[in-house]
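Engineer: Chains as they are written, first to last, in the numbering used here: chain A, 50 to 163; chain B, 14 to 124. C-beta: ideal position from N, C-alpha, C; glycine also. The structure presented is a predicted model; accordingly, all values stated were derived computationally and were not measured.
(1) Counting only beta-carbon separations shorter than 7 Å, does residue 81(A) have a partner in chain B?
(2) Could you tell me which uninterrupted beta strand (DSSP E) segments, each at least 3 residues in length, are contained entirely in the region 81-125 of chain A, listed from first to last along the chain?
(3) Taking Cβ positions, are residue 21(B) and residue 89(A) nearer each other than 7 Å?
(4) Keeping to the same chain, check which residues put their C-beta closer than 7 Å to that of residue 114(A); ignore five residues upstream and five downstream.
(5) Compute the beta-carbon to beta-carbon distance between residue 73(A) and residue 121(A), rounded to the nearest angstrom, for a pair I have assumed lies under 8 Å.
(6) Kindly list the residues whose CB is nearer than 8 Å to the CB of residue 119(A), restricted to its own chain and excluding five residues on each side of it in sequence; keep chain order.
(7) Who are the neighbours of residue 100(A) on chain B, taking C-beta pairs under 8 Å?
(8) Around the C-beta of residue 91(B), are 16 or more other C-beta atoms found within 10 angstroms, so that it is buried, or is it exposed?
(9) Candidates 116(B), 31(B), 18(B) and 17(B): which alpha carbon is nearest residue 123(B)'s?
(10) Assuming the contact rule is C-beta atoms closer than 8 Å, residue 34(A) and residue 64(A) should be a hit. Round their C-beta distance to whole Å, please.
(11) I'd like to confirm the pairing. Which residues does DSSP put opposite residue 49(B) in its beta bridges?
(12) Reducing DSSP to helix, strand and coil, say where residue 39(B) ends up.
(13) Determine the closest residue to residue 84(A) out of 136(A), 54(A), 60(A) and 58(A), with distance taken between C-alpha atoms.
(14) Let me know the secondary structure DSSP gives residue 94(B) once reduced to three states.
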């Protein structure tokens, strides 16, 4: 089983609150990713990082922000949650290198904004 | 039009059946093709990975890629109730790991 952890697993919160979704991996992977997944829909990449102090926006526009201060930690923050942010958020990581490397996924955080 | 299309299902089959799951894609630049399995309330886990065209077999699972038709398949032989999950295809243009996912097909294998 992949050593990538996400907390909390479930979060119900009111509109306007600031939230941080935590993601940590113990595999020493340089690359980390955040995906958003609505029920029955494809995963959309919202943020990625290729290493410490490196963050980029993904294909899907998101009001969230991320930081990468430590290799193992890639938190996602929403400054002011809205009902449109209700979704499942999946964190993933992969090794660096010139070849293809598997992405390992965490269990996800299911966020509900009331 | 989505870059990767996948029938959402659900696909319901009896135990022991051969299951065929498919994805079509529009971008001929895709070279790496993956199948992920996602159980309810879990993150996806990699099942099979192929590069370019051809077949790859792993136990009860066979992945096929037909780049000329922009079509990939996952076959599951002797399906088991434990195979009940959502199967996501994913693909990338290079080894940089930026994946494009299909929407997933929900499979139910009934005892």
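Structural biologist: Put simply:
(1) Your numbering for residue 81(A) matches position 32 in the first chain. Not one chain B Cβ lies under 7 Å of residue 81(A).
(2) 92-100 and 103-106
(3) Mapped onto the second chain, residue 21(B) falls at position 8. Mapped onto the first chain, residue 89(A) falls at position 40. Contact flag set, yes.
(4) For this step, residue 114(A) is matched to residue 65 along the first chain. Here the set comprises 126.
(5) Here residue 73(A) corresponds to residue number 24 of the first chain, with the count starting at 1. Here residue 121(A) corresponds to residue number 72 of the first chain, with the count starting at 1. Indeed they touch by this definition, with Cβ atoms about 5 Å apart.
(6) In the first chain, the residue the question calls residue 119(A) occupies position 70. So the list reads 101, once near-sequence residues are dropped.
(7) On the first chain, residue 100(A) is found 51 positions in, with the first residue counted as 1. Here the premise fails: no neighbours, minimum Cβ distance about 13 Å.
(8) As a first step, residue 91(B) is located in the second chain; it is residue number 78 there, counting from the start. Looking at its Cβ environment, which holds fewer than 16 other Cβ atoms inside 10 Å, residue 91(B) is exposed.
(9) As a first step, residue 123(B) must be located in the second chain, where it is residue number 110. Selected option, being the one with the closest Cα: 31(B).
(10) Because residue 34(A) is not part of the residues shown, which for chain A are 50 to 163, the question remains open.
(11) Here residue 49(B) refers to the residue found at position 36 when the second chain is read from its first residue. 59(B) and 101(B).
(12) Here residue 39(B) refers to the residue found at position 26 of the second chain. If DSSP states are grouped into helix, strand and coil, residue 39(B) belongs with coil.
(13) Position 35 of the first chain, counting from 1, holds the residue named residue 84(A). Closest by alpha carbon: 136(A).
(14) Indexing the second chain from 1 puts residue 94(B) at position 81. Residue state, collapsed to three classes: helix.
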